[in-house]
Each structure stands twice: as C-alpha cells, then as structure tokens.
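J.: Chains as they are written, first to last, in the working numbering: chain A, 830 to 1269; chain B, 53 to 152.
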Amino acid sequence: MKEKIRIGCGAGFSGDRIEPALILTENGNLDYLVLECLAERTIALAQKRKLQNPELGYDVLLEKRLRGLLPLLLEHKTRLVTNMGAANPIAGAKKILELAKAQNLSIKVAAVFGDDVFEFLTGQEHSIENNQPIQSYGKLVSANAYLGVEAILPALETDANIIITGRVADPSLFLAPMIHEFGWELDQFDMLGKGTVLGHLLECAGQLTGGYFADPVSKPVPELDRLGHPFVDVFSDGRGIISKVEGTGGMISEQIAKEQLLYEVLDPHHYFTPDVVADFSTVQFEEIAFDQLQVSGGGGIEKPETYKVSVGYEAGFKGEGEISYAGAHAVERAKLAGEIIEKRIKGQITNLRVDLIGLNSLHPTELSKNSNPYEVRLRVSGMCDTMEQAQLIGEEVEALYTNGPAGGGGARKMVTQVIGVVSTLLNRDQVKPSFQLFSV
Amino acid sequence: MKRLADIAHSRAGDKGNILVLSLIPFDEKDFDWLVQNITADRVKKHLQNQLQGNVTRYVLPSIKALQFTCEDALAGGVTTSLALDSHGKSLSYALLEMEI
Chain A
830 MKEKIRIGCG AGFSGDRIEP ALILTENGNL DYLVLECLAE RTIALAQKRK LQNPELGYDV
890 LLEKRLRGLL PLLLEHKTRL VTNMGAANPI AGAKKILELA KAQNLSIKVA AVFGDDVFEF
950 LTGQEHSIEN NQPIQSYGKL VSANAYLGVE AILPALETDA NIIITGRVAD PSLFLAPMIH
1010 EFGWELDQFD MLGKGTVLGH LLECAGQLTG GYFADPVSKP VPELDRLGHP FVDVFSDGRG
1070 IISKVEGTGG MISEQIAKEQ LLYEVLDPHH YFTPDVVADF STVQFEEIAF DQLQVSGGGG
1130 IEKPETYKVS VGYEAGFKGE GEISYAGAHA VERAKLAGEI IEKRIKGQIT NLRVDLIGLN
1190 SLHPTELSKN SNPYEVRLRV SGMCDTMEQA QLIGEEVEAL YTNGPAGGGG ARKMVTQVIG
1250 VVSTLLNRDQ VKPSFQLFSV
Chain B
53 MKRLADIAHS RAGDKGNILV LSLIPFDEKD FDWLVQNITA DRVKKHLQNQ LQGNVTRYVL
113 PSIKALQFTC EDALAGGVTT SLALDSHGKS LSYALLEMEI
C-alpha cells in the first residue's frame, strides 16, 4: 500500500477547457487524472443522442479532450478516471480505443455501467423536490443513479489505463483511487469523509485555483488567461496538500478553498454521497508554502441506504427574443417594447417573463430599482408546449424593429427544447454496477 | 455607507431549486460580527423578491465562514427556469450588496 498519491483534476464541467488537463498530465507528475464532465442535465441530453444512434451518448467533447491526452497518459503512467461515458460508457470506451489505434497506442479501457436505471422505474416513484410521482412532470427520458466508489473499485483493480463511467457522484471519482491505493475499508467512514472533502474541493477543477473567485478589485487572481487546474497530494491518513503546476496561471489560497468547500453544499455537517455522509464542518486549511494548501480534518458517518437517481423529463420548449435600446429614455422604450409583447402574446403564452438586461435581469429585486444605464436589452422568454408557440416569442420581438419603439437594434431569437431534471431514491439492491474491459 | 462586499466574499451554488450562498470574511477577525449580525432572517429580507422559501444558516467556526441554504429560490431551478442566470450564480454579489 502506498503512503501518498497525487490526483489532478483536468476538467470540472462538460464545457471546460481542454488545455489544463494536458499541462497537468505532462508536468504534474500525477498518479491519477480525473475529468469530471457530467452535470445534472448533461446525461439526459446524452440519452437522447444515444436513442438516435446507439454508438453515441458519451460526452460530445470526448474525442477533442482525449486525442492529445492519450499519449501523455501512457508516457507518464497516469491513470485516467472520468465520467465522460455519460449515457453510454461502453460506446465511449470503444471510441477511446479507436483514438488510440489511430495513434498506434496500446491501451486498456474499463467501462463502468449500471447507473442507467430507466427500465426499473415505474413512474410512480415520488420526487425528492415536490413529493409528486415523477411521471407527473412530463414524458420521462432518462434515469441515472449516482453510483459510488463500489462501482469504480473493481475496475481500478484491473490494469486498465482508463476508467470511464456514466453517472457517478463527483467526489467518488477521486475517493475510489484513494481507497484503492491506501486500502481503506468501505466502512471506515471517517476516512471516506476526509477523502470526500478532497474530492469535493477538486471536482470543479479551476474553481480551486482562482476561477469563479476572481474579482479584480477585492480578490485579484494572477493570469486567469492561463489558469492552471489543481492537483492534490493525498496521504494515507486522509490529509491532503493542494497545489498546481508551477508556471500556470491562477493561485492556491485558503480563501479560494473556503469558497469551494462550501460550493453547492446544502448542509456542511451532512454532505450525502453514495459512499458516506461527510462532515465538512471540521475541515481546516493551512497555507504551508507558496501555492500549497494543507487540508486536514473532516470526517463522516455511515452512507445512506438508498441511491439518489436523477430523472430527466421533457419539459417543453423555451422561446426567447432579445432587442437593445440606448441613449435618452432607453429604459422607458425597452419597457414599452416589453409591454407591447406582453399584450400581443400573453393570451397564448401564460408564463411570459420580461427582463431588461442591464437593469434587472439578474436580480429583479429592490437592488436594481434605482439604476439608470445608458443601454438596456429587452429579453422576453416563455416556456411553451410546442416549438411553434416558442418560436412566436422571438418572432414578435424581432417584429419590434418596425412595429415597436424607436431605435431598437440587435434583435436575436432562440428556441430550445427543455429537459427538466428531478430526483428520486432507489434501494441499493435495485442497482447493480458492473464493468467491461476493452483493449487495443 | 459600507456594504458586505467591503468585508466579506461569497460564492453561489445551486442544487435544483435551492440556492446556496457562502459568506466569508476577508479578515477572520470580522467572523464574530458576521455571526451576530448577518442572520438568516436578514438575508431572506435582503433578497425577498428572489427567495420564496426558508433560509437556513450554518455557522462554521473551523473555517470562519457562514453558509446560507435558501429553498425555493431559483424560479424552479436551472433546468426549467426562464431566468437569464438560471443557476443563480450571480446572486453572491446580490448578497454582498447588503448595507451594513
């Protein structure tokens, strides 16, 4: 068993930048690289691609991310753990083999699956959010359980260079290599809690090195244009030291780590994952050297008895239209334009929303009341049952050019099919994770 | 007039229709003042048009930070909201506008 391993995080969401993972693998001396690319809704969209073509349904950027990364992973003996399998980890694994073959690389990929529980659902299961039967939300399109380390560990025990999963709890992508290398037991919840703290800190990649933190006035961060992504040296006692590749942009600091520790955490005393209920309230940070932050403390208690399942449903079509006004009476003209649209289509689209971008679109509160901007942009949006209805919103906004107030410019229109997501719970015995090896 | 932004920073996160706002003093000496003054009620009142549901505050002395968990705060949540910022990511700076 090892005393220390190094894990880097080269992507923190599906649209993350490609380059930081290459730099981490080339110069980070990593044992493991994690790419976390699966948001709540991403998998439902991937499911739709899989339905159209059974060879698709993995992350749309998989080829772009992995083509350049594959030779580096092999050269530096870094194992990759990623959830880029999305709705189709097996097809994702096959695509990776194809990429390797084209470069004459010999590689072994483990595809972890079993998170897709769509066929086990009746539709009668109640949502966590509103306690309504999930089928009442709309036509269901996907259901994926958040798997934990138990799904990843068997794949790590093989000699696979790459482990590609579908829906897995984000911190589990990091915790699994720790358990594998340190021999922690699955009921050592205190250790699993500490490891989960580190996984949670790393999982958003650049958010731990100054991204989503920077404010040039109150929180300056150097060289965001070359932002490096973080790695952590994890010790077998559960401590970690967070750092990044020397010479990359961004920085490591206690302030940043505090923000990220609490990011998206509903209750810092009870952070639920499939592996443990972690306690973040006892975590301690210490800046021990330039760009080096020690993380200690944290803990956990027994894991939940159920798996959380993310259910995607068809939620209709969102129509949007925008147009800008500037100069004298810009706000008044934009307001008039909004009133015109409301009068014209409110009868057909009941949940119309009217914002003035530059005035109150982000915070329609008292805070925005007294502002008087030089230019504002009217934005009208509505949720509709059909695409035709949704199109009407943008069409009416565009028609303001010749039918609305003076000086409207830059009209744009857009329609999006909306996939909603609700959650429900499933007993552990209903979910059976498994894996399959592929090599070339 | 001083604002929260002068003494603290914040990061917003979302889970479904729930908004999570951290509040962290630049100087740890200001932590006790924040604990005494920035209550869940005050945050709810400050963002009253945005926050429809309960606000729960967590006090974290170990890292000298506060966390506010705000229910029913994101017009349905990121997947179906009509808001321009459907995640509510910019709301950290709305919290920091609070006059103190």
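Note that the Cβ used here is the ideal one computed from N, Cα and C, for glycine as well.
Just so it is clear, the structure is predicted and the values come from calculations on it, not from any experiment.
My guess is that A:GLY1028 and A:TYR1154 are in contact by the Cβ rule of under 8 Å, so how many angstroms apart are they, rounded?
T.: That belief does not hold up - the Cβ atoms of A:GLY1028 and A:TYR1154 are roughly 47 Å apart, past 8 Å.
J.: Identify the residues that DSSP records as bridge partners of A:TYR975: which are they?
T.: Per DSSP, none; premise fails for A:TYR975.
J.: Strictly under 9 Å for the Cβ-Cβ distance: is A:VAL1247 near chain B by that measure?
T.: It does; some Cβ of chain B falls within 9 Å.
J.: B:VAL72 touches chain A at which residues, Cβ-Cβ below 9 Å?
T.: In chain order: LEU1091, TYR1092, GLU1093, VAL1094 and LEU1095.
J.: Alpha carbon to alpha carbon, what distance is there between A:GLU1204 and A:ASP1258?
T.: Taking the straight line from one Cα to the other gives about 58 Å.
J.: Quick one: grab the DSSP three-state call for B:GLN119.
T.: The answer is strand: DSSP assigns B:GLN119 an E or B state.
J.: Hey, which unbroken runs of the alpha helix (DSSP H) at 4 residues or more fall wholly within the stretch 78 to 126 of chain B?
T.: Fully enclosed alpha helix (DSSP H) runs of 4 or longer: 83 to 89 and 92 to 98.
J.: Using a cut-off of 7 Å between C-beta atoms, extract the partners of B:GLY105 located in chain A.
T.: Under the 7 Å cutoff, chain A gives no residues; its nearest Cβ is about 12 Å from B:GLY105.
J.: Between the stretch 859 to 878 of chain A and the stretch 1099 to 1106 of chain A, are three or more C-beta pairs nearer than 8 Å?
T.: Contact fails: fewer than three Cβ-Cβ distances are below 8 Å.
J.: Taking the Cβ atom as the reference point for each residue, do A:LYS972 and A:SER1210 lie within a distance shorter than 9 Å?
T.: Checking the sequence shown, residue 972 of chain A turns out to be Ala, not Lys. No.
J.: At 8 Å on the CB atoms, spell out the chain A contacts of B:ASP66, in chain order.
T.: GLU1093, listed in chain order.
J.: Taking the straight line between their C-alpha atoms, what separation do you get for B:GLU149 and A:VAL1063?
T.: B:GLU149 and A:VAL1063: Cα-Cα distance of roughly 38 Å.
J.: Step through the CB atoms of chain A and report whether any lies within less than 9 Å of the CB of B:ARG94.
T.: Not an interface residue.
J.: By Cβ distance, which residues of its chain are closer than 7 Å to A:THR1215, with the 5 residues on each side in sequence left out?
T.: PHE1146.
J.: What did DSSP end up calling A:PHE1109 once you bin it into helix, strand or coil?
T.: DSSP places A:PHE1109 in coil when its eight states are reduced to three.
J.: Between the stretch 1236 to 1249 of chain A and the stretch 103 to 115 of chain B, do three or more beta carbon pairs fall short of 8 Å?
T.: No: fewer than three Cβ pairs fall under 8 Å.
J.: In the structure shown, what three-state DSSP assignment does A:PHE1060 receive?
T.: A:PHE1060 falls in the strand class under three-state DSSP.
J.: List, in order along the chain, the chain A residues whose C-beta lies closer than 9 Å to that of B:ILE76?
T.: Neighbours of B:ILE76 on chain A, chain order: GLN1084, LYS1087, GLU1088 and LEU1091.
J.: Whose C-beta lies closer than 7 Å to the C-beta of A:GLU1227 among residues of the same chain, with five residues either side of it excluded?
T.: Within the same chain, A:GLU1227 has close Cβ partners GLY1150, ALA1240 and LYS1242.
J.: What separation, rounded to the nearest whole angstrom, lies between the Cα atoms of B:ASP93 and B:LEU86?
T.: Taking the straight line from one Cα to the other gives about 13 Å.
J.: May I ask you to list, following chain order, the residues of the stretch 112 to 128 of chain B that have a beta carbon less than 7 Å from some beta carbon of chain A?
T.: Answer in chain order: LEU112, SER114, ILE115, ALA117, GLN119 and THR121.
J.: Could you tell me whether the Cβ atoms of A:THR854 and A:THR907 are closer together than 9 Å?
T.: Closer than 9 Å, so yes.
J.: Would you list, in chain order, the members of the stretch 1163 to 1188 of chain A that have their beta-carbon closer than 8 Å to a beta-carbon of chain B?
T.: Listed by position along the chain: ASN1180, ARG1182, ASP1184 and ILE1186.
J.: Evaluate contact between the stretch 71 to 91 of chain B and the stretch 955 to 971 of chain A, counting only Cβ atoms and requiring at least three cross-stretch pairs below 8 Å.
T.: Contact fails: fewer than three Cβ-Cβ distances are below 8 Å.
J.: Less than 9 Å between CB atoms is the rule here; does B:GLN100 satisfy it with respect to chain A?
T.: So yes, B:GLN100 belongs to the interface.
J.: Alpha helix (DSSP H) containing A:GLU1217: first to last residue?
T.: Where A:GLU1217 is concerned, the enclosing alpha helix (DSSP H) stretches over 1216 to 1227.
J.: Which bits of chain A does B:GLU149 rub up against, with CB to CB less than 8 Å?
T.: LEU1196, listed in chain order.
J.: Along chain B, in chain order, which residues have C-beta atoms closer than 9 Å to that of A:PRO900?
T.: Those do not exist, as A:PRO900 stays about 36 Å from chain B at its closest Cβ, beyond 9 Å.
J.: In this structure, how does DSSP classify A:GLY1024 when only helix, strand and coil are distinguished?
T.: Three-state DSSP puts A:GLY1024 in a helix.
J.: List the residues of chain A whose Cβ lies closer than 7 Å to the Cβ of B:LEU136, in chain order.
T.: Neighbours of B:LEU136 on chain A, chain order: ASP1184, ILE1186, SER1190, LEU1191 and ARG1208.
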